[in-house]
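Some notes on the structure that comes next.
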Amino acid sequence: MEKPNVKWDDVAGLETAKQLLKEAVILPIKFPQLFTGNRKPWEGILLYGPPGTGKSYLAKAVATEANNSTFFSVSSSDLVSKYVGESEKLVKQLFEMVNLKNK
81 MEKPNVKWDD VAGLETAKQL LKEAVILPIK FPQLFTGNRK PWEGILLYGP PGTGKSYLAK
141 AVATEANNST FFSVSSSDLV SKYVGESEKL VKQLFEMVNL KNK
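Sequential numbering of the sequence shown, starting at 81, is according to my numbering.
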């Protein structure tokens, strides 16, 4: 768990991705009254692509701009175990930790 300090201006390029993330995450937080009735905020976002393309940095910028949010930086290698069933337990624990943080 960390509190990142990455501003939108710190992210070079990626203008389309930044704009979409602002619309999907930041607007519903800052203006919840706009997302009632048929217009609902997104329920999740998946950032994908090759290593080094700015996914984690974008996520940190979103967490910074979303004020009171907490950022969980988890690599897939953190969730893999050589023991049967252990990977599933790690994923479950991560989601439980996130759910506790959101209460």
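We treat Cβ as the ideally placed atom computed from N, Cα and C, and that holds for glycine.
- The Cβ-Cβ distance between valine 142 and valine 91 does not fall below 7 angstroms.
- In its chain, beyond the 5 residues on either side, Pro84, Val86 and Phe151 have a beta carbon closer than 7 angstroms to the beta carbon of lysine 140.
- Spanning the alpha carbons of glycine 117 and glycine 124 requires a straight line of approximately 19 angstroms.
- Just measuring C-alpha positions, the residue of Pro121, Phe115, Lys162 and Leu170 sitting nearest serine 155 is Leu170.
- For serine 157, no alpha helix (DSSP H) run applies, since DSSP gives it neither H nor E.
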